[in-house]
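Written below as structure tokens is the structure these notes are about.
Residue numbers (the working numbering), protein chains in the order written: chain A, 1 to 156; chain B, 157 to 427; chain C, 428 to 689.
See the structure below:
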């Protein structure tokens, strides 16, 4: 076939534009950077109750996102939820006695893990576990406890 | 006629299309190297006959043998190999509208051969020269007249030097000049390239002028066959009516209907 | 009377079923021709031009306006909740997940699908396909397969361009007209649009739509009655059937992709 040059150039430009658009969507619009820095380290924490926490929820320290939840498992021996987090490698200063709690972004926002650094010299490394955890606040339980303490107060 | 010199042998062919019988047991032999014409009134399935020879339709019963091979029993690959040795000229020319005249003629060469481009160019120019349209090679099919389109299609059909070439109504709707050109071309190409030619047509004079042998079809049967002279001399009344184009005869002018006078007088018969 | 109605419905259903079967067989015959195209990339390039490049103008213009309107409309609602900083992610998610693939596929059905059906139908009506068969060239491989490939290549690219242009259009309106902070527009977007859950699923959708719309178009063209009326009907049917298929499939795919977790 006699293929005209102009036609081939047009198709080349079209394919390039399409790929450029995809690239722009990936780089500028989506969170590819959080995947690109996949060279972080993993730490885990066990919770009594994780509430509405999901995989890929952010992990924050002082409000700054330093990683994401990578895995959630149920440990049938300790009857606890074991949450694995991937922390970006540039945040490798977490003291060994850091505590983790499941918090909510605003009143109705998504759940995330908030880390509170402790005071030890030693720092957490890959595969370490955070010992001090606080479970998610479950609204029904809170209300239940509140009503219970009220009725106890009435009895006294 | 049924000696070894037949390229196409049709025996007891039956074919029906959506309930209507088109062929009801016909026998036809196409002699190698000759021009055989198959003629008959419109709607007798002459085009269908070509499609059966080319393997585009399957017979209900009977056999169609081309060069000794039973067409309906060929595998797809064998059928395509056979078709490479057949050329067919469609009534409309059927040129590929998005390709120029040159590319249309080059199409079968490019699809089936690995020839270098210079050689394809030479071959295409030879074929276009043969039909007298070498100068029109850069035109698009839309810019061609009907007669020119048919000549380009002819050049395309002979591009692979087939053993047989089939023409579907090559003369219909042509002005006298392009008709004359086509008549001359068909005969010349047949003789110069040693091909076998099958023409399907109802244009009596042109066809009879170049055919070596005629078959007349009517109502699903071969009515008569022979050389043009034989048919002119010894044909039946129907044959003479057809060959001479008489308005009335064994084929009546009127479509079957009740007596005209009776129908006119019948009260309230019209809807 | 009831029997007649039932009979009509039955006939209608059987006809539909038969068409579906035929179109599946058709695809089954075309797909083996696709690998052979690697030897002749020129054919695919030609079709990518006719299908993709020629659809580009309408896709770019539509994408730009859809993005701008989205930003404008959503802003008015979101500003009441003080959520205008989330304009970026909402515009981006709507485009990347839904509007990009779906609207592009609908435009594609109207622009390229109808043209494909008409072209192939016309080739059939003018005996071009038949003559190709007689030249021992399989039209399914020579005509249909390159067009199918061109469509499958083109639609995901068009859809990505649509989304990118739309998000940029939204950006123009949000920052230029509505005074949203441009950093917030992009960074909120990055925090909320997931590469796999959102972007990749959007791309998968557009690939599926590309296959389905092009398949319907080439099938309708190839199956058309060889008359001008048949070609016209094939064109209409292409647009109607592929639009319905796109909308239906979009629901199914969305349910499959985004239905479970979160």
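Heads up, the beta-carbon is just placed ideally off N, CA and C, and yes, glycines get one too.
Item to check | Per-residue contacts from residue 137 of chain A into chain F (C-beta, under 9 Å) | outcome: Among the chains of the structure shown, chain F does not appear; the protein chains present are A, B and C.
Next on the checklist: Counting C-beta neighbours from all protein chains within 10 Å, is the total for residue 416 of chain B 16 or more, i.e. buried, or is it exposed?
Outcome noted: exposed
Item to check | Inter-residue spacing [alpha-carbon to alpha-carbon] between residue 196 of chain B and residue 268 of chain B | outcome: 35 Å
Checklist entry - In the structure shown, what three-state DSSP assignment does residue 474 of chain C receive? => result helix
Checklist entry - In whole angstroms, what separates the C-alpha of residue 172 of chain B from that of residue 179 of chain B? => result 7 Å
Checklist entry - Between which two residues does the alpha helix (DSSP H) containing residue 185 of chain B stretch? => result Here residue 185 of chain B belongs to no alpha helix (DSSP H); instead the beta strand (DSSP E) covers 176 to 187.
Item to check | Span of the beta strand (DSSP E), counted from its first residue to its last, around residue 381 of chain B | outcome: 377 to 382
Next on the checklist: Let me see if you follow: with CB-CB separation under 8 Å, is residue 267 of chain B close to chain C or not?
Outcome noted: yes
Item to check | Any C-beta of chain B under 8 Å from that of residue 609 of chain C | outcome: no
Next on the checklist: Which residues in chain B have a C-beta closer than 8 Å to the C-beta of residue 553 of chain C? List them in chain order.
Outcome noted: 248, 250, 253
Checklist entry - With a cut-off of 8 Å, do at least 3 Cβ pairs link the region 93 to 100 of chain A to the region 120 to 132 of chain A? => result yes
Next on the checklist: Less than 8 Å between C-beta atoms, sequence neighbours within five positions excluded: which residues of the same chain meet that for residue 672 of chain C?
Outcome noted: 639, 640, 643
Checklist entry - How many Å lie between residue 591 of chain C and residue 242 of chain B at the Cα? => result 53 Å
Next on the checklist: Under DSSP, the beta strand (DSSP E) around residue 58 of chain A begins and ends at which residues?
Outcome noted: 58 to 61
Item to check | Integer-rounded CB distance, given that residue 555 of chain C should sit under 8 Å from residue 252 of chain B | outcome: 6 Å
Next on the checklist: Let me make sure I understand the geometry here. Which of C/443, C/457, C/604, C/428 has the alpha-carbon closest to that of residue 570 of chain C?
Outcome noted: C/457
Item to check | Segment contact flag, the region 540 to 558 of chain C with the region 657 to 677 of chain C, C-beta cutoff 8 Å, min 3 pairs | outcome: yes
Checklist entry - Mapping DSSP to helix, strand and coil, what is residue 88 of chain A? => result coil
Next on the checklist: Which residue marks the beginning of the alpha helix (DSSP H) containing residue 411 of chain B, and which one marks its end?
Outcome noted: Segment: none, residue 411 of chain B is in no alpha helix (DSSP H) and carries neither H nor E.
Checklist entry - With burial defined as no fewer than 16 other Cβ atoms inside 10 Å of the residue's Cβ, what is the status of residue 576 of chain C: buried or exposed? => result buried
Item to check | Range covered by the beta strand (DSSP E) that runs through residue 495 of chain C | outcome: Premise fails: residue 495 of chain C lies in the alpha helix (DSSP H), 483 to 505, not in any beta strand (DSSP E).
Item to check | Reference residue 516 of chain C, options C/601, C/667, C/490, C/679, closest by Cα | outcome: C/601
Item to check | Length of the line joining the Cα atoms of residue 330 of chain B and residue 309 of chain B | outcome: 15 Å
Next on the checklist: Against chain A, with Cβ distances strictly below 8 Å, would residue 475 of chain C count as a contact?
Outcome noted: yes
Checklist entry - Three-state secondary structure (DSSP) at residue 31 of chain A? => result coil
Item to check | Pair within 8 Å by beta-carbon distance, residue 85 of chain A and residue 113 of chain A | outcome: yes
Next on the checklist: Residues in the same chain with beta-carbon distance under 7 Å from residue 680 of chain C, minus the five sequence neighbours each way, listed in chain order, please.
Outcome noted: 632, 635
Item to check | DSSP bridge partner residues for residue 100 of chain A (one or two, in chain order) | outcome: A/115, A/133
Checklist entry - Would you call the CB atoms of residue 389 of chain B and residue 406 of chain B closer than 8 Å? => result no
Checklist entry - So the beta strand (DSSP E) residue 68 of chain A belongs to, where does it begin and stop? => result 64 to 75
Item to check | chain A within 8 Å of residue 479 of chain C, Cβ atoms only | outcome: yes
Checklist entry - Ordered along the chain, which non-local residues of its own chain (more than five positions away) have a Cβ less than 8 Å from that of residue 230 of chain B? => result 211, 238
Next on the checklist: Taking 8 Å as the limit between beta carbons, can you name the residues of its chain near residue 162 of chain B, skipping five residues before and five after?
Outcome noted: 185, 186, 187, 188
Checklist entry - Could you give the distance in angstroms between the alpha-carbon of residue 340 of chain B and the alpha-carbon of residue 255 of chain B? => result 27 Å
Next on the checklist: Can you look up residue 353 of chain B in the DSSP assignment and give me helix, strand or coil?
Outcome noted: strand
Checklist entry - Where does residue 674 of chain C sit, in a helix, a strand or coil, going by DSSP? => result helix
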